[in-house]
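Taking the working numbering, the leading residue of the sequence shown gets 171, the next gets one more, and so forth.
Note that the Cβ used here is the ideal one computed from N, Cα and C, for glycine as well.
Here the structure is laid out as structure tokens; the discussion comes afterwards.
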Amino acid sequence: MDFFSRFLILLLLIFFVISCASIHPIENSCGGYQNFSGPEREVAQGPSTEEAEALPGDLEEGRRDSESEDEEIIPPQITSFAIEKNKDVERWIDYFTKEQANRERFQRFLNRGQRYKKVVQTILKENDLPPELYYLAMIESGYATNAYSRASAVGAWQFMSATGRRYDLESSYYVDERRDPIRSTEAAVKYLTDLYMAFQSWPLAISAYNAGEYRILGAIIRGKSRDFWELADKKLLPMETRNYVPKFMAAVLIGENAKEYGFVAGELEADEERGEFPSVSAVEVPSPVYLKDIAALASMPVDILTMANPHLTRGITPPHVSAYEIWVPAGSEEQIEKIKDRLVELKIKNAKQKFYYPQENKNYHIVKKGDTLSSIARKYQMTIRHLKALNNLKSSRIMAGRKLRISTKNYKSN
């Protein structure tokens, strides 16, 4: 049984228990914007930014008035979701539109995203997912395929290596498919579909994309609710995730109504001359070979071939296979077929067959399955008390994927 099958069964059991407690039905909405730090959720009273503001009364009543004990609850359709325009969303709209620096950055993201909009929304449509999810990658990375976060998330969709492997994205020394706009979007579609099928709510699914499935599940259990806004108001979600949903909604509203908000839609980045991401086909070539050699023999611009294959991080096809599929502009398949024999002669000799694994930040430890506070403290020659104090841990329970601060003063790597 795979990861999500087990997770789904667990989640359904939890939902059954929660449903028996007569909580509110699943809300249908959408989520987030991570790349800007921006404003936090407004407090209900006093100066503390720790306390989340309650939802506006009219929106709250609008959701609750339709409920009745005898009413059949119909889960929302996977192909669409509603976008609320409440105070939190409007705050992020103001953030993106009123400060000149933020306006310029948002416009840059719109321009860069335009290159990939057609291919991303085509994949979303083919998989019956909402086209608005296009903006999820925009807020994650600004559609920079070479984006690399401090947490080692990579690519437009900001996949961690473990999550990428779960969805068949290769991460090696020569290949990082998290940077491939097509394959990474296909993986994101699978991941988002799994999350939606598990939570039956787009706000929760997108929140889980940001914070992880188990953290959202924990919030649902503690809050006895499947309403994102209710969980956010109870401060059961991380601050970043509480902001993620309204930021995403703001990005969708601005992006889909760019002129209304004073932005220019449909233009590529001014300093980019390569144009829109091309329509491509997959063609198998001998390996390892340089992309520049393929481009030269096929009489095509090397920039086009490089843009179509940003996942080939060293500019060559991987040496651990004798043949490898690359993306080539649609219509050029026959050109590639004609030069295959000559490419065999250009295969790189003695290419090192080594694989790349992101180096762990020396000041942090990413919790892996089977890790305990005791084993982590022992590894870095720390006391458990010191480790818990560094990370404000009250419990000894830790979840896989969590990033823990560690002291490396006495640690010597092997």
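Euclidean distance between Cα positions of residue i and residue j
i, j, result
"Gly-227", "Arg-396", "With a pLDDT of only 30 at Gly-227, under the threshold of 50, the placement of this residue in the model should not be trusted; the figure read from the coordinates follows. When rounded, the distance between both Cα atoms is 19 Å."
"Lys-404", "Ala-559", "25 Å"
"Gln-284", "Lys-549", "46 Å"
"Tyr-534", "Ile-576", "5 Å"
"Leu-299", "Gly-540", "35 Å"
"Ser-342", "Lys-257", "44 Å"
"Lys-360", "Tyr-337", "7 Å"
"Val-491", "Ile-518", "12 Å"
"Met-470", "Val-289", "21 Å"
"Ala-421", "Met-308", "9 Å"
"Ala-321", "Asp-511", "43 Å"
"Ala-326", "Glu-302", "15 Å"
"Lys-564", "Ile-263", "37 Å"
"Gly-393", "Leu-365", "19 Å"
"Pro-458", "Trp-399", "51 Å"
"Gly-571", "Ile-536", "6 Å"
Boundaries of the beta strand (DSSP E) in which residue i is found, first to last residue
i, result
"Trp-497", "493-499"
"Ile-253", "No beta strand (DSSP E) holds Ile-253; DSSP gives it neither H nor E."
"His-535", "534-536"
"Pro-373", "Segment 372-381 is the alpha helix (DSSP H) holding Pro-373; no beta strand (DSSP E) there."
"Arg-575", "573-575"
Local Cβ density within 10 Å of residue i, reported as buried at 16 or more and exposed below that
i, result
"Ile-386", "buried"
"Ser-371", "buried"
"Asn-479", "buried"
"Thr-411", "buried"
"Val-551", "Strictly speaking, residue 551 in this sequence is Gln, with Val absent from that position. When all chains shown are included, Gln-551 counts as exposed."
"Met-569", "exposed"
"Ile-390", "buried"
"Ser-192", "Note on Ser-192: pLDDT 41, under 50, position unreliable in the model; the coordinate value appears next. Flag for Ser-192 reads exposed."
"Ala-357", "buried"
"Thr-355", "buried"
"Met-367", "exposed"
"Ile-196", "Confidence is the limiting factor: at Ile-196 the pLDDT is only 38, short of 50, which leaves the residue's position unreliable and the question unanswerable from this model."
"His-556", "exposed"
"Thr-553", "exposed"
Beta-carbon separation (whole angstroms), residue i vs residue j, contact threshold 8 Å
i, j, result
"Arg-275", "Asn-316", "Contact doesn't hold; Cβ gap of about 17 Å is too wide."
"Leu-513", "Val-455", "6 Å"
"Gly-485", "Tyr-460", "6 Å"
"Arg-282", "Tyr-313", "5 Å"
"Val-259", "Pro-373", "So it is not a contact: roughly 12 Å between Cβ atoms."
"Ile-253", "Met-419", "5 Å"
Bridge partner(s) assigned by DSSP for residue i
i, result
"Ala-421", "The partner list for Ala-421 (beta bridge, DSSP) is empty, contrary to what the question assumes."
"Tyr-318", "Val-324"
"Lys-405", "None, per the DSSP bridge assignment."
"Val-455", "Tyr-494"
"Phe-329", "Val-324"
"Ser-341", "Asp-346"
First through last residue of the alpha helix (DSSP H) which encompasses residue i
i, result
"Leu-467", "461-468"
"Arg-282", "270-296"
"Ile-509", "503-515"
"Val-472", "472-478"
"Leu-169", "The chain is shown from 171 up to 584; residue 169 falls before or after that span and cannot be answered."
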